[in-house]
Amino acid sequence: MSQPGILELISFGSDGWGKALLAGAWMTILIALAGYTIGAVIGSFGAWAKISGGRSLRIAADAYTTVLRGIPDLLVIYLFYFGGSAVVTAVGRLLGAEGFLGFPGFLAGSLAVGVTSGAQFTEIFRGAFKAVHAGEIEAAIACGMGRLLRFRRIIAPLTLRHALPGMGNVWQVVLKESALVSITGVAELLRQTQVAAGSTGLPFDFYVIAGAIYLMISTGSGLFLRRAERHFSRGVRRG
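So the sequence shown is numbered by UniProt numbering: it starts at 1 and just counts up by one.
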């Protein structure tokens with residue numbers, strides 16, 4: 001029997017793996033988006049703590065960024081998955097359940113990716129805020145803007161403008177980190193690729209296909225982020 005070609009392997013027919021790979025790619029995007037959003041929220045609070053928080057908050061934020069940037073992302077995923085499973089199992093026993101209760105892999109992966117990317121977001125937002133010229137904030141104060149209006153009209157847009165390049169880099173990292181979530185059993189792209197490779201005995205072919213899909217997702221999202229950078233940089237003179 002002849003070896004099937006690439007088009008046959010990724011077809012959507014009964015013998016093709018197109019549907020499984022497409023579903024895995026969609027799950028990869030969902031995990032990346034969830035982790036990215038969680039990380040941005042954590043990073044916003046972390047940056048605020050470092051800029052405007054008291055001494056204890058600054059120490060806590062520094063400890064958070066130091067620890068999370070210093071340990072492997074895979075270890076963080078393991079901690080969330082097995083730590084969450086231990087908590088869920090303990091609660092289940094209190095309610096009368098028996099045996100091991102697993103923590104949802106999607107939730108564990110999203111939280112782990114979010115917490116790790118949050119450390120990067122913290123530094124990105126802090127640096128972006130520091131890049132805002134003090135004179136622009138002083139001008140807003142002189143115009144009588146309140147704190148919330150000043151944040152909405154001046155600080156947030158200018159900080160976002162400076163942060164966007166770094167945010168784009170974090171997205172690319174988060175997208176690659178989502179592949180690590182496969183160890184929790186979530187049927188994302190890498191997990192589906194492993195199943196397909198094992199079922200067909202064609203690991204090289206399927207891993208090449210997976211690499212191409214990751215590259216398409218990365219390239220497409222990169223184009224979107226560059227467009228966002230141009231949008232928020234309107235009116236800025238480029239040297």
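Where is the CB? At the ideal position from N, CA and C, for every residue including glycine.
Euclidean distance between Cα positions of I124 and T89: Start at 1 with the first residue of the sequence shown, and residue 124 comes out as number 124. Start at 1 with the first residue of the sequence shown, and residue 89 comes out as number 89. Distance between the alpha carbons of I124 and T89 is about 37 Å.
Three-state secondary structure assigned by DSSP to S52: Within the sequence shown, the letter at position 52 stands for residue 52. Reduced to three states, the DSSP call for S52 is helix.
Reference S218, options P203, I183, E177 and T200, closest by Cα: Residue 218 sits at position 218 when you count from the first residue of the sequence shown. Closest option to S218, Cα to Cα, is E177.
At least 3 beta-carbon pairs within less than 8 Å: the stretch 91–108 vs the stretch 145–162: No: the two stretches stay apart, fewer than three of their Cβ pairs being nearer than 8 Å.
Any non-hydrogen atom of the ligand GDP within 6 Å of S56 CB: In the structure on display, the ligand GDP does not appear, and there are no ligands present to speak of.
Separation of L74 from P4, as counted between CA atoms: Counting from one through the sequence shown, the residue named residue 4 turns up at place 4. Counting from one through the sequence shown, the residue named residue 74 turns up at place 74. The alpha-carbon atoms of P4 and L74 are separated by roughly 34 Å.
C-beta atoms of G168 and L225 nearer than 7 Å: Along the sequence shown, one-based indexing puts residue 168 at 168. Along the sequence shown, one-based indexing puts residue 225 at 225. Going by C-beta atoms, G168 is nearer than 7 Å to L225.
Those runs of the alpha helix (DSSP H) which lie wholly inside the stretch 74–145 and span at least 4 residues: 105–131 and 134–142
7 Å CB neighbourhood of I42 in its chain, flanking five on each side removed: To locate residue 42, count along the sequence shown from 1; it is residue 42. Result list for I42: G114, V115, G118 and F121, in chain order.
Contact belief for T184 with I77 at Cβ below 8 Å, rounded distance in angstroms: Residue mapping note: residue 184 aligns to position 184 of the sequence shown, counting from 1. Residue mapping note: residue 77 aligns to position 77 of the sequence shown, counting from 1. Cβ atoms of T184 and I77 come within 8 Å of each other, at about 7 Å.
Cα-Cα separation between residue 243 and L190, rounded to whole angstroms: As shown, the chain starts at 1 and ends at 239. That puts residue 243 outside it, with no answer to give.
Presumed contact (8 Å Cβ cut-off) between G18 and I29, rounded CB distance: Position 18 of the sequence shown, counted from the first residue, corresponds to residue 18. Position 29 of the sequence shown, counted from the first residue, corresponds to residue 29. Between I29 and G18 the Cβ distance is about 17 Å, and since that is not below 8 Å, they are no contact.
As assigned by DSSP and simplified to three states, the class of D15: Locating residue 15 in the sequence shown gives position 15, where the first residue counts as 1. Correct three-state label for D15: coil.
Proximity below 7 Å, CB of G46 to CB of E188: Position 46 of the sequence shown holds residue 46. Position 188 of the sequence shown holds residue 188. In this structure, G46 sits away from E188, with a CB-CB distance that is not shorter than 7 Å.
Short Cβ contact (7 Å threshold) for A108 with G84: The count along the sequence shown starts at 1 and reaches residue 108 at position 108. The count along the sequence shown starts at 1 and reaches residue 84 at position 84. Their beta carbons are under 7 Å apart, which means A108 touches G84 by this criterion.
Anticipated Cβ contact below 8 Å, G53 with A61, distance rounded: Residue numbering aside, residue 53 sits at position 53 when the sequence shown is read from its first letter. Residue numbering aside, residue 61 sits at position 61 when the sequence shown is read from its first letter. Confirmed, Cβ separation roughly 7 Å.
Alpha helix (DSSP H) runs wholly inside the stretch 19–68, at least 4 long, in chain order: 55–68
As assigned by DSSP and simplified to three states, the class of G201: If you number the sequence shown from 1, residue 201 lands on position 201. Correct three-state label for G201: coil.
Closest residue to P157 among R58, L79 and A131 (Cα-Cα distance): Against the sequence shown, residue 157 aligns to sequence position 157. With distances taken between CA atoms, P157 lies nearest to A131 out of R58, L79 and A131.
Pick from P72, T66 and L22 that is closest to L180, judged by C-alpha positions: As a first step, residue 180 must be located in the sequence shown, where it is residue number 180. Nearest of P72, T66 and L22 to L180, Cα basis: P72.
Cβ-Cβ distance between L175 and E229 below 7 Å: Locating residue 175 in the sequence shown gives position 175, counting from the first residue. Locating residue 229 in the sequence shown gives position 229, counting from the first residue. L175 places its beta carbon 7 Å or farther from that of E229.
As assigned by DSSP and simplified to three states, the class of A228: The count along the sequence shown starts at 1 and reaches residue 228 at position 228. If DSSP states are grouped into helix, strand and coil, A228 belongs with the helices.
Closest Cα partner of W171 within the set L79, I154 and I31: By 1-based counting over the sequence shown, the position of residue 171 is 171. Measuring from the Cα of W171, the nearest candidate turns out to be I31.
Buried versus exposed, by CB contacts within 10 Å (16 or more), M27: In the sequence shown, the residue the question calls residue 27 occupies position 27. So M27 ends up on the buried side.
Collapsed DSSP secondary structure at Q3 in the structure displayed: What you label residue 3 is simply residue 3 of the sequence shown in a count that begins at 1. If DSSP states are grouped into helix, strand and coil, Q3 belongs with coil.
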